[in-house]
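Undergrad:
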Amino acid sequence: MKKIFALLLSMITMMFLTACGETTDNSSQQATKSTETKVSEQSAPVPTKSNSKILVAYFSRAGENYQVGVIEKGNTHIMADMVAEITGADEFEIKTVKPYPESYQECTEVVKKELEENARPELSSKVEDLSKYEVIFLGYPIYWSDFPPPVYTFLESYDFNGKTIIPFCTSAGEYMTGKEVNIPQIAKGSTIRDGLGVSGKDCQNDPEKIRNAVKNWLADLGY
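Residues 165 to 387 (the numbering used here) are what the sequence shown spells out, left to right.
#1: Since Phe324 contacts Leu360 with CB under 8 Å, what's their CB separation in whole angstroms?
#2: Leaving aside the five residues before and after Trp308 along the sequence, list all residues of the same chain whose C-beta is less than 8 Å from its C-beta, in chain order.
#3: Per DSSP, what kind of secondary structure is Ile306 in: helix, strand or coil?
#4: Find the nearest neighbour of Pro242 within the set Val261, Pro263, Ile330, Val220, judged by alpha-carbon distance.
#5: For the region 328 to 387, which segments carrying the beta strand (DSSP E) assignment without a break, of at least 3 residues, lie completely within its bounds, in sequence order?
#6: What does DSSP give as the partner residue(s) for Gly227 in the beta ladder?
#7: By the 10 Å Cβ neighbour count, where 16 or more other Cβ atoms means buried, how is Asp358 classified, buried or exposed?
#8: Can you say whether Glu200 is buried or exposed, counting buried as having 16 or more other CB atoms within 10 angstroms of its CB?
#9: Quick one: is Asn282 buried, meaning 16 or more other Cβ sit within 10 Å of its Cβ, or exposed?
#10: I need the straight-line Cα distance from Lys373 to Tyr322, nearest angstrom please.
#11: Using DSSP with H/G/I as helix, E/B as strand and the rest coil, what is Phe256?
#12: Tell me which residues share the same chain as Ser267 and place their Cβ nearer than 7 Å to its Cβ, disregarding the 5 neighbours each side in the sequence.
#13: In this structure, does DSSP put Ala283 in helix, strand or coil?
#14: Tell me which same chain residues have a C-beta within less than 6 Å of the C-beta of Val232, skipping the five on either side of it?
#15: Please tell me whether Phe256 and Val299 are closer than 7 Å, where the distance is taken between their beta carbons.
#16: Within the same chain, show all residues whose beta-carbon is closer than 6 Å to that of Phe318, passing over the 5 residues directly before and after it, in chain order.
#17: Cα-Cα, which of Val315, Asp384, Leu382 is closest to Ser224?
#18: Going by beta carbon distance, what residues of the same chain come within less than 8 Å of Leu287, once the five residues before and after it are set aside?
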């Protein structure tokens, strides 16, 4: 009888120790997962606009556009919003006192004449304090393989000494014009970093494609 009792006691003890072991392993796994989550959150803080030293300045045009018809939000505007959202930057829209024609064809004709005459359209608003920004992302559509005239006005209207300008643009294809290398000559004292050109129609028809391209580009720049 004593042997049977001892055997039963031994079996109960082994079952108890095994159960405690499973509980300890689960607790350890949960603690590890919790630590990994916290480390991940700390290594990738979300930028906030309150401490931003980045500005996204862009010129964009709604109305009738090439390949997408009449749109309510310009292609470059869509891209600019993505850049600002990811970087936590402030936004400034470059607007002219005299609006461009709604018709795409008429607009291109007006812009062509302005470029030929080196016109500098008057802007309807200004950045209140550009001095607080260290980096300016500059967005625009490509017109006649060049910057829109209002972008020239913007670049010539402020002191960009010591600031970094990062261009991005929309066009019929996924490219830039090459004119961006001239930005430091227009915005005196500035330096530039690698820009990004995307298809304007994709901003309207496939925004996720553009968002991924913007994310990858910004990641390469360190944002």
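Heads up, the beta-carbon is just placed ideally off N, CA and C, and yes, glycines get one too.
TA: On the basis of the supplied data:
#1: Residue numbering aside, residue 324 sits at position 160 when the sequence shown is read from its first letter. Residue numbering aside, residue 360 sits at position 196 when the sequence shown is read from its first letter. Not quite, the Cβ-Cβ distance comes to about 20 Å (not below 8 Å), so this is no contact.
#2: Indexing the sequence shown from 1 puts residue 308 at position 144. Apart from the 5 residues on each side of it in sequence, Trp308 sits with its Cβ closer than 8 Å to the Cβ of Thr272, Val275, Lys276, Leu279 in its chain, given in chain order.
#3: One-based indexing of the sequence shown puts residue 306 at position 142. Of the three classes helix, strand and coil, the one that applies to Ile306 here is coil, per DSSP.
#4: The residue labelled residue 242 in the question sits at position 78 within the sequence shown. What sits at residue 242 in the sequence shown is Ile, not Pro. Nearest C-alpha to Ile242: Val220.
#5: Counting only runs that start and end inside the region 328 to 387, the beta strand (DSSP E) elements of at least 3 residues fall at 328 to 335, 360 to 363.
#6: For the purposes of this step, residue 227 is taken as the residue at position 63 of the sequence shown. The partner list for Gly227 (beta bridge, DSSP) reads Ile235.
#7: Here residue 358 is taken as the residue at index 194 of the sequence shown, counted from 1. Counting Cβ neighbours within 10 Å, Asp358 comes out exposed, since fewer than 16 surround it.
#8: Within the sequence shown, numbered from 1, the residue matching residue 200 stands at position 36. Because Glu200 sits at a pLDDT of 27, beneath the cut-off of 50, its placement in the model cannot be relied upon, and the following sentence gives the value as read from the coordinates. Exposed.
#9: Your numbering for residue 282 matches position 118 in the sequence shown. With a threshold of 16 other beta carbon atoms within 10 Å, Asn282 falls short and is exposed.
#10: In the sequence shown, residue 373 corresponds to position 209, counting from 1. In the sequence shown, residue 322 corresponds to position 158, counting from 1. So the alpha carbons of these two residues sit roughly 34 Å apart.
#11: As a first step, residue 256 is located in the sequence shown; it is residue number 92 there, counting from the start. Looking at Phe256 - three-state DSSP - the assignment turns out to be strand.
#12: Translated into positions along the sequence shown, residue 267 becomes position 103. Once the five neighbours on either side are set aside, the close Cβ partners of Ser267 are Glu228.
#13: Position 119 of the sequence shown holds residue 283. Here Ala283 sits in coil by DSSP.
#14: Here the question's residue 232 lines up with position 68 in the sequence shown. Closer than 6 Å at Cβ, skipping near neighbours: Lys365, Gln368.
#15: In the sequence shown, the residue the question calls residue 256 occupies position 92. In the sequence shown, the residue the question calls residue 299 occupies position 135. Contact: no.
#16: Translated into positions along the sequence shown, residue 318 becomes position 154. Ile258, listed in sequence order.
#17: Against the sequence shown, residue 224 aligns to sequence position 60. Among Val315, Asp384, Leu382, the Cα nearest to that of Ser224 belongs to Val315.
#18: Counting from one through the sequence shown, the residue named residue 287 turns up at place 123. The residues are Ile258, Lys259, Thr260, Val261, Pro314, Thr317, Phe318, Ser321.
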